[in-house]
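*Asks:* Residue numbers (the working numbering): 1 to 714.
Each residue gets a CB set at the ideal place from its N, CA and C atoms; glycine is no exception.
I'd like to ask some things about the structure below.
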């Protein structure tokens, strides 16, 4: 259920959104971090003031239409909703009026602060009825940056008149007076100030045809009901008493924010010959294979110098040997901090070459933005006030009692030098942005202040709207949602821990069919360096195929950590989700040419995603379909035009064959129930002929764990 938001009912002409009264400050100039974005850029309040007495009736006509529950709207407009270039966004609202008149509405959208008096004019989309007083229009953003929309609605007087006219004529009544009323309606529209000459002539012509004495009343009804005439009357209706809702803010991001496939790799492992580390140059040799599998983003854990104090050894041992490489998340050493690269990997020039190689292969590089400092970080000496101190004056290390992490000093975001710290953290991002990085995976953002993220993301996006932020926050739902609302482009999810049919069905519905879709973009990761789920540990290669299929086909964005294609599944300890010989603490070269690699299967999944981008990118169109087996899941994906339909059927049991009967919502899928249609398996190339909603499937994990069926008319 949508959060109730204020609406504005005004007997005033349609106008553009008000510009915000302040723009984000330029980097490096503000002496202190700016206040929260909402304090300056919120939608102006229009809540009516309480009156001591009932006001007298207005002297001018008042708006009759009510607009409620507009979507997408976040926190009643105090925060922007999300949209993506090239991905359809459905704007909806409940729109109704007193009495029996029909209503009509429009969505007006454009750049905030722009309007009819500028060259960057707002555009207008007609809304269509969705039933139960719900109306909608589909906006497909064409450019990134701040955007806004408003909903305008009013009684459809012409449509109501036309409907009554048809009923009266069908009943055999004389409708001469009603036809005259229609003619006068057209003349009043023609006489409105500022009416374009072309519209004025068309309206006058319509009035003449409605009065034509040589035509029958039935013929004049046909003239009135012609689509051009109806469109003309809707377009030229007097909006002086229309109801306005908004403006409501949107943040439009580029395509990779809404549809992307991620691959995580440790560059120090690629080409490594322990104890000698791999380098940016040797890691670049892995890029063609990553691109060939269809991944658009290669994500690198921290590439910075690693502290030596309290360094962690293999398998997270508190005792490190001289050959242990340490955790990349213990950032900072004598060679530098967050704007330096580990000397074992190379130089900044080597990193630039790695970036160029990635671009040449069509892959973007994402960097880890981890706000951790080792005891050897230069900031510890230069800015000790940026860290928390214990009663004895020593700097407090990271803790999760009873666990202690002496190799990491957390930053104190409440420091007296808040401005200096926040700006330094912003400048770290700007440093890498200047070197071509436009995607950042943010480590543990839920442990830093909400106010910091709102400020930081606004600062960066003011000058770099193409920057994408992925929130790695496996925490309480409310906290994950808040981070998404504050501007994170994508979010890690609970997908890893949803393995049963009931869990998956509930979670997929929650992510796609609730108001959460207005601000939360899920990124389904099948594994991470920290998470090796028991399902993968125990399920063998079939389990790896199942989880990859679910992630790639049900989420617009998905990701995997290197080694997944080799089905690495040995845990550090029984009941643990930590990898044995974790790459977080040691070099891990691999044999990528192994014949049992799942790389061909993963390549096929990403190929399917790109062929059916319109269906998979449109998360609100996802539906869980009925299948009569608790070990099987069936999900449909449909594009906006409903001319590309995918059906994903998965055997969740990695050990045994399962079979079941599917019962499809054919009407929702746009497929006639009385005509045979083809179900073409995109994974195997085999086609089946189905008819009607009921079909039988059987999947043996030893051979095939899933169908990805393209449903098409024969």
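Please report how far the alpha carbon of residue 280 lies from the alpha carbon of residue 676, in whole angstroms.
*Replies:* Here residue 280 refers to the residue found at position 280 of the chain shown. Here residue 676 refers to the residue found at position 676 of the chain shown. Computed Cα separation, rounded: 54 Å.
*Asks:* Whose C-alpha, out of 307, 266, 276, is nearest the C-alpha of residue 287?
*Replies:* Reading the chain shown from its first residue, position 287 is the one you call residue 287. Measuring from the Cα of residue 287, the nearest candidate turns out to be 266.
*Asks:* Which residue wins for smallest C-alpha separation from residue 607, given the options 312, 252, 552, 566?
*Replies:* Indexing the chain shown from 1 puts residue 607 at position 607. When only C-alpha atoms are compared, the closest one is 552.
*Asks:* Rounding to the nearest angstrom, what Cα-Cα distance links residue 379 and residue 373 in this structure?
*Replies:* Here residue 379 refers to the residue found at position 379 of the chain shown. Here residue 373 refers to the residue found at position 373 of the chain shown. Rounded to the nearest angstrom, the two C-alpha atoms are 8 Å apart.
*Asks:* Quick one: give me the first and last residue of the beta strand (DSSP E) that residue 221 is part of.
*Replies:* What you label residue 221 is simply residue 221 of the chain shown in a count that begins at 1. Careful: residue 221 lies outside any beta strand (DSSP E), inside the alpha helix (DSSP H) at 217–225.
*Asks:* State yes or no: is the C-beta of residue 307 within less than 8 Å of the C-beta of residue 427?
*Replies:* Counting from 1 along the chain shown, the entry for residue 307 is found at position 307. Counting from 1 along the chain shown, the entry for residue 427 is found at position 427. No; because the gap between Cβ atoms is not below 8 Å, this pair is not in contact.
*Asks:* So, for residue 717: in the same chain, excluding its five sequence neighbours on each side, which residues have a beta-carbon less than 7 Å away from its beta-carbon?
*Replies:* For residue 717 there is no data in the structure shown, the boundaries of the chain being 1 and 714.
*Asks:* If we require 3 or more residues per run, which beta strand (DSSP E) segments fall completely within the region 371–441?
*Replies:* Listed in chain order, the complete beta strand (DSSP E) runs (minimum 3 residues) inside the region 371–441 are 398–400, 403–405.
*Asks:* Is it right to say residue 284 is buried, meaning 16 or more other beta carbons lie within 10 angstroms of its own, or is it exposed?
*Replies:* As a first step, residue 284 is located in the chain shown; it is residue number 284 there, counting from the start. When all chains shown are included, residue 284 counts as buried.
*Asks:* Could you compute how far the alpha carbon of residue 48 sits from the alpha carbon of residue 246?
*Replies:* Indexing the chain shown from 1 puts residue 48 at position 48. Indexing the chain shown from 1 puts residue 246 at position 246. Below a pLDDT of 50, predicted positions are generally treated as unreliable, and residue 48, at 40, falls in that range; no measurement from the model is reported.
*Asks:* Quick one: Cα of residue 226 to Cα of residue 91, how far?
*Replies:* Translated into the one-based positions of the chain shown, residue 226 becomes position 226. Translated into the one-based positions of the chain shown, residue 91 becomes position 91. Going from the Cα of residue 226 to the Cα of residue 91 covers about 28 Å.
*Asks:* State whether the region 162–178 contacts the region 270–280, with contact taken as three or more CB pairs (one from each stretch) at a distance under 8 Å.
*Replies:* No: fewer than three Cβ pairs fall under 8 Å.
*Asks:* Give the straight-line distance between the Cα atoms of residue 669 and residue 203, rounded to the nearest whole angstrom.
*Replies:* Indexing the chain shown from 1 puts residue 669 at position 669. Indexing the chain shown from 1 puts residue 203 at position 203. Between residue 669 and residue 203, the C-alpha separation is close to 40 Å.
*Asks:* So, helix, strand or coil for residue 235, using DSSP?
*Replies:* Taking the first residue of the chain shown as 1, we reach residue 235 at position 235. In this structure, residue 235 counts as helix in the three-state DSSP scheme.
*Asks:* With a 10 Å radius around its C-beta and 16 neighbouring C-beta atoms as the bar for buried, classify residue 403 as buried or exposed.
*Replies:* The count along the chain shown starts at 1 and reaches residue 403 at position 403. So residue 403 counts as exposed.
*Asks:* At the level of alpha carbons, what is the spacing between residue 700 and residue 435?
*Replies:* Looking up residue 700 in the chain shown gives position 700. Looking up residue 435 in the chain shown gives position 435. So the alpha carbons of these two residues sit roughly 49 Å apart.
*Asks:* If we ignore side chains and look at the alpha-carbon of each, how far apart do residue 325 and residue 385 end up?
*Replies:* In the chain shown, counting from the first residue as 1, residue 325 sits at position 325. In the chain shown, counting from the first residue as 1, residue 385 sits at position 385. The straight-line gap from Cα to Cα measures roughly 29 Å.
*Asks:* In angstroms, rounded to a whole number, what distance separates the CA positions of residue 150 and residue 259?
*Replies:* Locating residue 150 in the chain shown gives position 150, where the first residue counts as 1. Locating residue 259 in the chain shown gives position 259, where the first residue counts as 1. Computed Cα separation, rounded: 26 Å.
*Asks:* If we call anything under 8 Å between Cβ atoms a contact, is residue 314 one with residue 581?
*Replies:* Position 314 of the chain shown, counted from the start, is the residue given in the question as residue 314. Position 581 of the chain shown, counted from the start, is the residue given in the question as residue 581. Contact: yes.
*Asks:* Could you tell me if residue 696 is buried or exposed, where buried requires 16 or more neighbouring beta carbons within 10 angstroms of its beta carbon?
*Replies:* Within the chain shown, residue 696 is the residue found at index 696, counting from 1. Answer is exposed; the Cβ neighbour count stays below 16.
*Asks:* Given a cut-off of 8 Å on the beta-carbon distance, is the pair residue 456 and residue 504 in contact?
*Replies:* As a working note, residue 456 is residue 456 in the chain shown. As a working note, residue 504 is residue 504 in the chain shown. Result no, Cβ atoms of residue 456 and residue 504 do not sit closer than 8 Å.
*Asks:* What residues match up with residue 560 in a beta bridge as DSSP calls it?
*Replies:* For the purposes of this step, residue 560 is identified with residue 560 of the chain shown, where counting begins at 1. Its beta-bridge partners are 263.
*Asks:* What does the alpha-carbon distance come out to for the pair residue 93 and residue 577?
*Replies:* Here residue 93 corresponds to residue number 93 of the chain shown, with the count starting at 1. Here residue 577 corresponds to residue number 577 of the chain shown, with the count starting at 1. One C-alpha to the other measures close to 44 Å.
*Asks:* Quick one, are the C-beta atoms of residue 605 and residue 632 less than 8 Å apart?
*Replies:* As a first step, residue 605 must be located in the chain shown, where it is residue number 605. As a first step, residue 632 must be located in the chain shown, where it is residue number 632. Going by C-beta atoms, residue 605 is not nearer than 8 Å to residue 632.
*Asks:* When DSSP labels each residue in this structure, what does residue 444 get in the three-state scheme?
*Replies:* For the purposes of this step, residue 444 is identified with residue 444 of the chain shown, where counting begins at 1. Residue 444: coil per DSSP, three-state reduction.
*Asks:* Going along the chain, which residues of its own chain have a beta-carbon closer than 7 Å to the beta-carbon of residue 74, five neighbours each way excluded?
*Replies:* As a working mapping, residue 74 is identified with position 74 in the chain shown. Answer for residue 74: 80, 81, 485, 518, 519, listed in chain order.
*Asks:* What is the residue span of the alpha helix (DSSP H) that residue 459 lies within?
*Replies:* Translated into positions along the chain shown, residue 459 becomes position 459. Residues 450–463.
*Asks:* Can you tell me which residues form a DSSP beta bridge with residue 663?
*Replies:* Here residue 663 corresponds to residue number 663 of the chain shown, with the count starting at 1. Its beta-bridge partners are 626, 694.
*Asks:* Is the number of C-beta pairs between the region 334–350 and the region 385–402 that are closer than 8 Å three or more?
*Replies:* Contact fails: fewer than three Cβ-Cβ distances are below 8 Å.
*Asks:* Please list the terminal residues of the continuous beta strand (DSSP E) segment that includes residue 649.
*Replies:* Walking along the chain shown from the start, residue 649 turns up at place 649. Segment 645–651, the beta strand (DSSP E) holding residue 649.
*Asks:* Would you decide whether residue 375 is buried or exposed? Buried here means 16 or more other CB atoms lie within 10 Å of its CB.
*Replies:* To locate residue 375, count along the chain shown from 1; it is residue 375. Burial call: buried.
*Asks:* Between the Cα of residue 644 and those of 369, 710, 491, spot the shortest distance and give me the residue it belongs to.
*Replies:* The residue given as residue 644 occupies position 644 in the chain shown. For residue 644, the nearest C-alpha among the options comes from 710.
*Asks:* May I ask you to report which of helix, strand or coil DSSP gives residue 124?
*Replies:* In the chain shown, residue 124 corresponds to position 124, counting from 1. Reduced to three states, the DSSP call for residue 124 is strand.
*Asks:* Looking at C-beta atoms only, is the number of pairs between the region 583–590 and the region 290–300 that lie closer than 8 Å three or more?
*Replies:* Short answer: they don't touch.
*Asks:* Using a Cβ distance threshold of 8 Å, determine whether the region 214–233 contacts the region 63–77, with at least three qualifying pairs required.
*Replies:* With the cut-off at 8 Å, the region 214–233 and the region 63–77 do not touch.
*Asks:* According to the neighbour-count rule (16 or more other Cβ atoms, all chains shown, within 10 Å of its Cβ), is residue 662 buried or exposed?
*Replies:* Position 662 of the chain shown holds residue 662. Flag for residue 662 reads buried.
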